[in-house]
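Since the structure comes first, as structure tokens, the remarks are kept for the end.
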Amino acid sequence: MNILVVGVGYVGTTTALLFAELGWNVVGVDSNERKIQDLENGVLPFYEPGLDTLLKKHIESGKLSFSTNLSEAVKHHDVIFICVGTPSMEDGGADLQYVRQAATTIGASMDDYKLLVTKSTVPVGTQRQVVQWISEAQSQSIPFDVVSNPEFLREGSAMHDAFHPDRIIIGSDTEAGAEQLKRLYRDLECPYLVTSPATAEMIKYASNSFLAVKISFMNELARLCDQLDVSISDVAEGMGYDTRIGRSFLRAGIGFGGSCFPKDVKSLLHTSKMLGEPLRLLQDVVAINETQYIYVLERMRKRLGSFQGKQIAVLGLSFKPGTDDMREAPSLSIISYLVEHGAIVQVHDPVVRMPAPLLTDNLAQFADLQDTLSGADAAIICTEWPEYADADWASLKKAMKQPLLVDGRNMLNRERLQAVGFTYVGIGNG
Ligand code: UGA
Numbered sequence: 004m005n006i007l008v009v010g011v012g013y014v015g016t017t018t019a020l021l022f023a024e025l026g027w028n029v030v031g032v033d034s035n036e037r038k039i040q041d042l043e044n045g046v047l048p049f050y051e052p053g054l055d056t057l058l059k060k061h062i063e064s065g066k067l068s069f070s071t072n073l074s075e076a077v078k079h080h081d082v083i084f085i086c087v088g089t090p091s092m093e094d095g096g097a098d099l100q101y102v103r104q105a106a107t108t109i110g111a112s113m114d115d116y117k118l119l120v121t122k123s124t125v126p127v128g129t130q131r132q133v134v135q136w137i138s139e140a141q142s143q144s145i146p147f148d149v150v151s152n153p154e155f156l157r158e159g160s161a162m163h164d165a166f167h168p169d170r171i172i173i174g175s176d177t178e179a180g181a182e183q184l185k186r187l188y189r190d191l192e193c194p195y196l197v198t199s200p201a202t203a204e205m206i207k208y209a210s211n212s213f214l215a216v217k218i219s220f221m222n223e224l225a226r227l228c229d230q231l232d233v234s235i236s237d238v239a240e241g242m243g244y245d246t247r248i249g250r251s252f253l254r255a256g257i258g259f260g261g262s263c264f265p266k267d268v269k270s271l272l273h274t275s276k277m278l279g280e281p282l283r284l285l286q287d288v289v290a291i292n293e294t295q296y297i298y299v300l301e302r303m304r305k306r307l308g309s310f311q312g313k314q315i316a317v318l319g320l321s322f323k324p325g326t327d328d329m330r331e332a333p334s335l336s337i338i339s340y341l342v343e344h345g346a347i348v349q350v351h352d353p354v355v356r357m358p359a360p361l362l363t364d365n366l367a368q369f370a371d372l373q374d375t376l377s378g379a380d381a382a383i384i385c386t387e388w389p390e391y392a393d394a395d396w397a398s399l400k401k402a403m404k405q406p407l408l409v410d411g412r413n414m415l416n417r418e419r420l421q422a423v424g425f426t427y428v429g430i431g432n433g
């Protein structure tokens, strides 16, 4: 079977590389010519550890190639993965224009049976719409199946997650469609769950939303822990030993970001409101997340008196380590808040460069950590990059005007920082 992957962003590129590595011939198609050129030259359009090696390997092996011509590519492939973006619209709903465009072009171009697989995160009921869009675009009736196959990989560990999934969900109306997709994943050992397409779509939203619930629960609890002089990190560890709760996604901090959680929580909320069953818990998850960074900054302000004229170092820009993705990164809200309140902000990130137009007299980026902290009245860690864990804080302290460190990710050891003279402020650690 030949595989076509439509949309070569994070999910599409990783999917294409996974199937090339599993031995299939894969073509990645995208309307963005620059992206396709880069990929053809073995250059990833984003930072993701490990992916570039595999990209070069499969360009050389001939198992993976790229194109900008979807209509032509459709004719030569049996299975088509739709991996295009579904960004948030203003009302929180998911914008399906790219899914629709892909479905319409596929419908108009296909000349024999195709298995279409939706990997883009799409609202419940979209598979049915895709079927309709394809049928409407066909000039004559040609059989096809549309299967929902949500993706659960994380940025920063995309390759590992793709090769070691916790589960593969296949939402299919037909047994044949589900079996064909299973065959494609041939070597991956994990539970396979076959459901209806709508259920598969819901599993994706429910999974991301539930993880967001865990984080917001811990962030809200952290605020209480600060009042009670209790350590949220110890609370999380104590809870995590209970296998019913699990250890993961209990880290309190400055809130969740990225291209998925904020968008998917809002999209599910939008669906629930449209159907008259608003998910109240998720409304609170959003509200807690959108105020968490302010809560953290106000703890800093309490110690500084005011942000006016203060020099603040912001350490980490990406929404989490291991990626250069700044979409919905809490660091951006933190920087805006600080600048709005009169601070002079100096940022650092080991990977991300702040876009030049965003830099102003009050906002500069430094490549070196020591330079970033030089003369600072306070610093805040926004991303738990290993560079910050390994830094020589005793020497960095000497560069600062005031040794105030707000650890927005609870990643450093309080005692060690205090021992070298820092005023250390964690989140939910009293
Ligand atoms: C998330 C999901 O984890 C993936 O399973 C899913 O496939 C993906 O979204 C998607 O829908 O495409 P990702 O956005 O890459 O993956 O990042 P996560 O590792 O889940 O982290 C999301 C945010 O939560 C980050 O800002 C992170 O710092 C924050 N987080 C995570 C916490 O604040 N505390 C935690 O304990 C864990």
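Note that our numbering has the sequence shown beginning at 4, numbered continuously upward. Glycine residues also receive a C-beta, built at the ideal position from the N, C-alpha and C atoms. Since the structure is predicted, the reported quantities are computational estimates derived from the model, not experimental observations.
Checklist entry - According to the Cβ coordinates, are Thr386 and Val350 closer than 8 angstroms? => result no
Checklist entry - Among residues of its own chain, excluding the 5 on either side of Val348, which ones have a beta-carbon nearer than 7 angstroms to its beta-carbon? => result Ile315, Val317, Ile338, Leu341, Val342, Asn365, Leu366
Checklist entry - Going by other Cβ atoms of all chains shown within 10 Å of its Cβ, with 16 needed for buried, is Val11 buried or exposed? => result buried
Next on the checklist: Quick check: the stretch 116-131 against the stretch 147-158, are at least 3 beta-carbon pairs closer than 8 angstroms?
Outcome noted: The count of Cβ pairs closer than 8 angstroms, one atom from the stretch 147-158 and one from the stretch 116-131, reaches three, so the stretches are in contact.
Item to check | Given Ala111 as reference, the closest of Val423, Ser377, Phe147 once Cα atoms are compared | outcome: Minimum Cα distance to Ala111 is reached at Phe147.
Item to check | Leu399 versus Gln373: straight-line alpha-carbon distance, rounded | outcome: Approximately 6 angstroms, taken between the alpha carbons.
Item to check | Distance between Asn28 and Ser70 (C-alpha atoms, nearest Å) | outcome: 14 angstroms
Item to check | Local conformation of Phe69 per DSSP, three classes | outcome: strand
Item to check | Complete runs of the beta strand (DSSP E) confined to the stretch 107-169 [at least 3 residues] | outcome: 117-121, 147-151
Item to check | Closest Cα partner of Tyr116 within the set Gly128, Val102, Ala402, Ile137 | outcome: Ile137
Checklist entry - Since Gly31 is in the beta strand (DSSP E), which residue starts that stretch and which ends it? => result Note, Gly31: beta strand (DSSP E), 28-32.
Next on the checklist: Which runs of the alpha helix (DSSP H) at least 4 residues long sit entirely within the stretch 214-257? Give them in chain order.
Outcome noted: If we require 4 residues or more, the alpha helix (DSSP H) runs fully inside the stretch 214-257 come out as 235-243.
Next on the checklist: With H, G and I counted as helix, E and B as strand and the rest as coil, what does DSSP make of Tyr50?
Outcome noted: Three-state DSSP puts Tyr50 in coil, outside helix and strand.
Item to check | Nearest-angstrom beta carbon gap, Gly174 and Ala203 [assumed within contact, 8 angstroms] | outcome: 3 angstroms
Checklist entry - Taking 7 angstroms as the line, does the beta carbon of Leu25 fall inside it for any heavy atom of the ligand UGA? => result No, the beta carbon of Leu25 sits no closer than 7 angstroms to any heavy atom of the ligand UGA.
Checklist entry - Is the beta carbon of Ser270 sitting closer than 8 angstroms to the one on Gly95? => result yes
Next on the checklist: Threshold first: 3 residues or longer. Then list the beta strand (DSSP E) segments lying entirely within the stretch 345-382, N to C.
Outcome noted: Runs of the beta strand (DSSP E) inside the stretch 345-382: 347-351, 366-368.
Item to check | Proximity below 8 angstroms, CB of Leu58 to CB of Leu20 | outcome: yes
Item to check | Cβ shell of Asp41 (< 7 angstroms), same chain only, five flanking positions each side left out | outcome: Counting only Cβ-Cβ distances below 7 angstroms, and skipping sequence neighbours, we find Pro48.
Next on the checklist: Taking the alpha carbon of Glu331 as the reference point, which residue from Tyr101, Glu139, Gly279, Gly258 has its own alpha carbon closest?
Outcome noted: Gly258
Checklist entry - Around the C-beta of His61, are 16 or more other C-beta atoms found within 10 angstroms, so that it is buried, or is it exposed? => result buried
Next on the checklist: Using the three-state DSSP reduction, which class does Tyr298 fall into: helix, strand or coil?
Outcome noted: helix
Checklist entry - With respect to the beta strand (DSSP E) encompassing Gln314, which residues constitute its N-terminal and C-terminal limits? => result 314-318
Next on the checklist: Once DSSP output is grouped into helix, strand and coil, what is the label at Phe84?
Outcome noted: strand
Item to check | Minimum C-alpha distance to Ile171 - residue among Leu224, Leu191, Val9 | outcome: Of the residues Leu224, Leu191, Val9, the one whose Cα lies closest to the Cα of Ile171 is Leu191.
Checklist entry - Once you ignore the five residues that flank Thr274 on each side, which residues in its own chain have a CB closer than 7 angstroms to its CB? => result Pro126, Val127
Next on the checklist: One question on the structure: do Met221 and Arg254 come within less than 8 angstroms of each other, judged by their Cβ atoms?
Outcome noted: yes
Checklist entry - Would you say the beta carbon of Cys263 comes nearer than 7 angstroms to a heavy atom of the ligand UGA? => result yes
Next on the checklist: I'd like to check one pair, Asp328 with Gly261: are the Cβ atoms closer than 8 angstroms?
Outcome noted: Contact check for Gly261 against Asp328 passes: the beta carbons are separated by less than 8 angstroms.
Item to check | Beta-ladder partner(s) of Ala201, from DSSP | outcome: For Ala201, which the question treats as bridged, DSSP gives no partner whatsoever.
Checklist entry - How would you call Arg412, buried or exposed, if buried means at least 16 neighbouring beta carbons within 10 angstroms? => result Buried, by the Cβ-count rule.
Item to check | Whole-angstrom C-beta distance between Arg189 and Leu25, which should lie under 8 angstroms | outcome: 6 angstroms
Checklist entry - How many angstroms separate the CA atom of Asp410 from the CA atom of Glu418? => result 13 angstroms
Checklist entry - Of the residues Ala379, Phe213, Thr108, which one's Cα is nearest the Cα of Leu272? => result Phe213
Checklist entry - Applying the criterion that 16 or more other CB atoms from any shown protein chain within 10 Å of the CB defines a buried residue, is Gly308 buried or exposed? => result exposed
Next on the checklist: Taking the alpha carbon of Pro324 as the reference point, which residue from Pro281, Asp287, Met4, Ala392 has its own alpha carbon closest?
Outcome noted: Ala392
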